[in-house]
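Below is one structure, written out as structure tokens; the observations come after it.
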Amino acid sequence: MTGDVRAAVKNKSAKFHAVAAALSPNILLCVKDIIKNTPADEAYEALKDRKLLVNLQKILSAYKTLLDELAQIVDKIPEVSGDKLTIANVERQDLDLKAFLMEVS
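The sequence shown maps to residues 1 to 105 in UniProt numbering.
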């Protein structure tokens with residue numbers, strides 16, 4: 001929705017209908033029960049919450065796919081490196097954040 005439309009939509013019922021009209025077909029499939037049986041109260045919130053949940057599930061699914069691909073790559077490292085694989089010892093020094101900030105400033 002554009003800023004002008006958002007400014008014009010003041011009450012929650014109007015928000016619900018404006019948002020529902022602007023949804024993509026994919027999202028409409030996920031919220032069709034809310035559209036068909038609009039809750040008497042908090043309809044806009046129900047629609048917004050469901051849309052957020054659907055978007056979150058899509059994001060998590062995409063990250064899971066990427067992490068699975070990364071895990072497959074990591075699993076192949078010993079196979080392609082043969083006997084040449086060495087793991088270096090990594091040491092980390094935890095600096096006091098305040099001391100570090102004082103040093104930098």
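Cβ atoms here follow ideal geometry from the backbone N, Cα and C, with glycine treated the same way.
Nearest-angstrom Cα separation, counted from K15 out to L60: In the sequence shown, residue 60 corresponds to position 60, counting from 1. In the sequence shown, residue 15 corresponds to position 15, counting from 1. Their Cα atoms are separated by approximately 28 Å.
Nonlocal neighbours in the same chain, by C-beta distance under 6 Å from P39, ignoring five residues either side: The residue you call residue 39 lines up with position 39 of the sequence shown. So the qualifying residues of the chain are A46.
Reference K48; option with closest CA among V31, K64, Y63 and K36: Residue mapping note: residue 48 aligns to position 48 of the sequence shown, counting from 1. The shortest C-alpha separation from K48 is found at V31.
Coil, strand or helix - P39 by DSSP: Taking the sequence shown and counting its residues from 1, the one referred to as residue 39 is at position 39. The answer is coil: DSSP assigns P39 none of H, G, I, E or B.
Exposure of Y63, with buried meaning 16 or more beta-carbon neighbours within 10 Å: The residue labelled residue 63 in the question sits at position 63 within the sequence shown. Looking at its Cβ environment, which holds fewer than 16 other Cβ atoms inside 10 Å, Y63 is exposed.
Pair within 8 Å by beta-carbon distance, L28 and I35: Walking along the sequence shown from the start, residue 28 turns up at place 28. Walking along the sequence shown from the start, residue 35 turns up at place 35. Yes, Cβ-Cβ distance for L28 and I35 is below 8 Å.
Boundaries (first-last residue) of the alpha helix (DSSP H) holding S13: Translated into the one-based positions of the sequence shown, residue 13 becomes position 13. Looking at the DSSP string, the run of the alpha helix (DSSP H) that includes S13 is K12 to A22.
Alpha-carbon to alpha-carbon, K58 and D33: Taking the first residue of the sequence shown as 1, we reach residue 33 at position 33. Taking the first residue of the sequence shown as 1, we reach residue 58 at position 58. D33 and K58: Cα-Cα distance of roughly 19 Å.
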